[in-house]
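Working notes, structure below.
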Amino acid sequence: MSDKTPEARAEPFGDPLSAPFWAAAERRELVAQRCEACGRYQFYPRPFCLSCNGDRMAWATVKGTGTIYSQSVVHLAAIPGFEPPYTVAVVALDEGPHLTTNIIGGASAIGDRVRLAWRPREGMPPLPVFEKEEKR
Amino acid sequence: MAADREQVYIAGVAESPLGKVADHTELSMVALAAREALGEAGMTLKDVDGLFVNYMGEEGSVQVGEYLGIQPAYADSTDIGGASFEAFVNHAFAAISSGRCEVALIAYASRQRSRRGRPRQMGTDNYTLTGQFEGPYGLVMPISHYALLAARRMHEFGITPEQMAEVAVTARNWAKLNPKSWIRDPLTIADVLASPMMCTPYRKLDCCLITDGGGAVVVTSKARARDAAKRAIRVLGTGESHTHWHASQIRDMTASPGAAAAQAAFGMAGIGPDDVDVLEPYDNFTGAVLQHLEDLGFCKRGEGGAFVEGGRLGPGGALPSMTMGGGLSYCHPGALGILLIIEAVRQLRHEAGARQVKDARIGVAHGIGGVIHSSSSTVVLARE
Numbered sequence: 099m100s101d102k103t104p105e106a107r108a109e110p111f112g113d114p115l116s117a118p119f120w121a122a123a124e125r126r127e128l129v130a131q132r133c134e135a136c137g138r139y140q141f142y143p144r145p146f147c148l149s150c151n152g153d154r155m156a157w158a159t160v161k162g163t164g165t166i167y168s169q170s171v172v173h174l175a176a177i178p179g180f181e182p183p184y185t186v187a188v189v190a191l192d193e194g195p196h197l198t199t200n201i202i203g204g205a206s207a208i209g210d211r212v213r214l215a216w217r218p219r220e221g222m223p224p225l226p227v228f229e230k231e232e233k234r
Numbered sequence: 004m005a006a007d008r009e010q011v012y013i014a015g016v017a018e019s020p021l022g023k024v025a026d027h028t029e030l031s032m033v034a035l036a037a038r039e040a041l042g043e044a045g046m047t048l049k050d051v052d053g054l055f056v057n058y059m060g061e062e063g064s065v066q067v068g069e070y071l072g073i074q075p076a077y078a079d080s081t082d083i084g085g086a087s088f089e090a091f092v093n094h095a096f097a098a099i100s101s102g103r104c105e106v107a108l109i110a111y112a113s114r115q116r117s118r119r120g121r122p123r124q125m126g127t128d129n130y131t132l133t134g135q136f137e138g139p140y141g142l143v144m145p146i147s148h149y150a151l152l153a154a155r156r157m158h159e160f161g162i163t164p165e166q167m168a169e170v171a172v173t174a175r176n177w178a179k180l181n182p183k184s185w186i187r188d189p190l191t192i193a194d195v196l197a198s199p200m201m202c203t204p205y206r207k208l209d210c211c212l213i214t215d216g217g218g219a220v221v222v223t224s225k226a227r228a229r230d231a232a233k234r235a236i237r238v239l240g241t242g243e244s245h246t247h248w249h250a251s252q253i254r255d256m257t258a259s260p261g262a263a264a265a266q267a268a269f270g271m272a273g274i275g276p277d278d279v280d281v282l283e284p285y286d287n288f289t290g291a292v293l294q295h296l297e298d299l300g301f302c303k304r305g306e307g308g309a310f311v312e313g314g315r316l317g318p319g320g321a322l323p324s325m326t327m328g329g330g331l332s333y334c335h336p337g338a339l340g341i342l343l344i345i346e347a348v349r350q351l352r353h354e355a356g357a358r359q360v361k362d363a364r365i366g367v368a369h370g371i372g373g374v375i376h377s378s379s380s381t382v383v384l385a386r387e
């Protein structure tokens with residue numbers, strides 16, 4: 099949007115803590131906070147590490163691979179923009195954090211390996227979703 | 004033996020109008036229930052000095068206080084979802100036993116069936132964490148959230164759709180015995196499994212009703228409970244906890260805050276699950292009842308599905324549960340928690356009519372709250 103200042107664009111939702119997450123999403127990189135003291139990943143972002151109370155939180159790019167921790171196929175036409183059936187899920191990233199997400203590209207099951215994909219959005223950063231890894 | 008001030012009682016309970024309520028507002032429903040519950044306690048609104056409400060609008064206790072003409076010495080509008088009401092007994096116990104108030108009124112009413120006001124989408128404000136990280140994925144509140152819990156439970160423990168359906172059938176079997184139940188038609192496991200799929204694994208009949216309804220509960224000191232027109236029921240133990248708001252923040256979807264709530268309540272009561280004669284678990288979804296049974300210690304982790312088989316929770320079963328028909332068949336006015344307490348008290352007074360559990364002496368109400376089992380709260384009650 100041409101009328102937005104660069105500053106507003108840097109915080110697309112007005113949340114300064116999550117701004118680096120969405121800036122990375124614009125580059126199609128999935129990032130999570132990582133504590134420089136204890137090494138734990140933390141998602142969503144907080145001003146310090148809930149595990150060790152450490153102050154030095156850095157943003158680290160994650161691989162974008164993980165496992166479906168739970169999922170539900172929605173058969174209700176209740177949410178604007180979502181045509182049933184579609185799959186809502188929680189994916190456990192290999193680095194540890196869980197993300198609420200969608201599984202796209204066909205049938206899936208709990209325990210399936212998945213990898214990152216991006217859903218473009220009008221006027222907003224793309225949204226991280228997941229698809230099944232190719233069978234090897 | 005607990006000192007007198009540490010002995011707290013429920014001296015009155017009442018439902019508001021239930022089902023589809025055309026001729027009242029939420030506030031007038033609360034007023035009717037409050038007057039009736041206080042009548043059972045031998046009191047009127049003028050005796051109330053503690054007010055505990057949730058979901059009654061902004062600054063809920065202030066609005067209800069004005070409507071009822073109550074100026075409380077102790078006010079509480081804590082919102083931990085549908086589990087708030089068992090938590091209010093916990094809070095009222097603390098307030099009464101420490102002398103902050105003596106007559107606590109807990110009240111709730113909703114017309115969510117008549118008003119069709121329940122939102123389906125959460126996180127529509129992009130500023131919020133929910134709006135950024137959960138809202139954009141099309142979760143249908145709260146069915147798909149609870150479906151995620153049930154799906155994981157099935158995956159880890161081999162829980163079957165039939166076992167979850169048995170919970171709905173059990174609730175219906177109790178509802179047949181309660182003239183106030185919203186639906187009393189016969190129901191079989193096959194009927195549940197043939198109902199429309201909503202969000203896997205939950206079908207329509209795995210999900211609670213959406214009705215109008217509400218109620219009121221009067222909690223008071225031992226001294227004031229002596230005035231009660233009906234038998235007062237002792238509050239033996241209370242507990243509460245909450246663990247998360249977002250699905251992504253749950254590390255283990257087969258655990259819940261209910262275990263901590265139950266442990267606190269049973270620990271305070273000095274008794275355990277083997278002592279319970281009647282259980283009122285919050286049955287918003289069939290699978291949630293399995294979690295409650297495990298959290299309360301009636302069975303081991305993962306064994307809730309096998310536990311409910313064969314009508315164990317039903318009329319004549321070893322652990323009578325959801326005895327008014329539950330949120331699945333009796334009434335689910337958005338927040339069921341207050342109705343669990345009301346039914347447990349009626350069972351312990353031996354005034355439950357055709358659904359009365361014989362010789363019931365110890366009853367438990369166990370609440371759940373939040374769109375994805377964020378909170379739980381437990382109340383252990385005794386007939387003395």
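Note that the protein sequences, when read in sequence, are chains A and B. Our numbering numbers the first residue of the first sequence as 99 and each following residue consecutively. Our numbering numbers the first residue of the second sequence as 4 and each following residue consecutively. Every residue gets a Cβ at the ideal spot worked out from N, C-alpha and C, and that includes glycine. None of the values given here were measured: they were computed from a predicted structure.
Asked	Found
Whole angstroms are fine: how far does the CA of Q350(B) sit from the CA of Y184(A)?	44 Å
What residues from chain B crowd round I202(A), counting only those whose CB sits closer than 8 Å?	Ordered by position in chain B, no residue passes the 8 Å Cβ test against I202(A), which lies about 11 Å from the chain.
Please decide whether P195(A) counts as near chain B, where near means a Cβ-Cβ distance under 9 Å.	yes
Please report how far the alpha carbon of D52(B) lies from the alpha carbon of S64(B), in whole angstroms.	12 Å
Spatial neighbours of G320(B) within its chain, please: CB distance less than 6 Å, with the 5 preceding and 5 following residues excluded, ordered by chain position.	G314
What is the C-beta distance between A265(B) and T381(B), in whole angstroms, given that I count them as a contact (C-beta under 8 Å)?	5 Å
Rounded to whole angstroms, what is the Cα-Cα separation between Y167(A) and R155(B)?	7 Å
Is it right to say Q294(B) is buried, meaning 16 or more other beta carbons lie within 10 angstroms of its own, or is it exposed?	buried
How would you write the range of the alpha helix (DSSP H) that D194(B) sits in, first residue to last?	192-197
Assign C147(A) to one of two classes, buried (16 or more other C-beta atoms within 10 Å of its C-beta) or exposed (fewer than that).	buried
For the segment 122-141 of chain A against the segment 150-159 of chain A, are there 3 or more C-beta pairs whose distance is under 8 Å?	yes
List the residues of chain B whose Cβ lies closer than 7 Å to the Cβ of V212(A), in chain order.	Ordered by position in chain B, no residue passes the 7 Å Cβ test against V212(A), which lies about 14 Å from the chain.
Looking at C-beta atoms only, is the number of pairs between the segment 317-332 of chain B and the segment 181-188 of chain B that lie closer than 8 Å three or more?	yes
Can you tell me where the alpha helix (DSSP H) with S147(B) in it begins and where it stops?	146-160
What does DSSP give as the partner residue(s) for N200(A) in the beta ladder?	V186(A)
Have a look at M125(B) and I177(A) and give me their C-alpha separation to the nearest angstrom.	10 Å
Is the Cβ-Cβ distance between A153(B) and G290(B) less than 9 Å?	yes
If you count every other CB in all the chains shown that lies within 10 Å of the CB of P104(A), and 16 or more means buried, which is it?	Since pLDDT at P104(A) reaches only 43, below the 50 mark, its modelled position is unreliable, and no value is offered.
Out of I253(B), D50(B), A168(B), point me to the one whose CA is closest to L197(A)'s CA.	I253(B)
Cβ atoms of L41(B) and L35(B): under 9 Å apart, would you say?	no
From the beta carbon of R116(B), is the nearest beta carbon of chain A less than 9 Å away?	no
According to the Cβ coordinates, are A347(B) and Y58(B) closer than 9 Å?	no
Return no unless some Cβ of chain A is closer than 9 Å to the Cβ of L208(B).	no
Taking the beta carbon of A106(A) as the centre, do at least 16 other beta carbons fall within 10 Å, making it buried, or is it exposed?	With a pLDDT of only 43 at A106(A), under 50, the local geometry of the prediction cannot be trusted, and the value read off the model is given with reservation. Its Cβ having fewer than 16 others within 10 Å, A106(A) is exposed.
Compute the Euclidean distance between the alpha carbons of A267(B) and F96(B), then round it to the nearest angstrom.	14 Å
Please confirm whether S147(B) has its beta-carbon closer than 9 Å to some beta-carbon of chain A.	yes
Using three-state DSSP, classify R352(B) as helix, strand or coil.	helix
Cutting at 6 Å between CB atoms, please list the residues of its own chain near A355(B), excluding the five before and the five after it.	R349
Are S378(B) and G370(B) touching if we call contact CB-CB under 9 Å?	yes
Pick from D280(B), E69(B), F160(B): whose alpha carbon is nearest that of K361(B)?	D280(B)
Going by DSSP in three states, T165(A) sits in which element: helix, strand or coil?	strand
Just checking: is the beta-carbon of Q388(B) within a distance shorter than 9 Å of some beta-carbon in chain A?	Since the first residue shown for chain B is 4 and the last is 387, residue 388(B) is missing from the structure and cannot be characterised.
So, is the C-beta of V172(A) closer than 9 Å to a C-beta in chain D?	In summary, chain D is missing from the structure at hand, where the protein chains are A and B.
Tell me, please, which residues DSSP counts as bridged to Q131(A).	Q140(A), W157(A)
In or out: E387(B) buried (at least 16 other Cβ within 10 Å) or exposed?	exposed
With 16 other CB atoms within 10 Å as the buried threshold, where does D26(B) fall?	exposed
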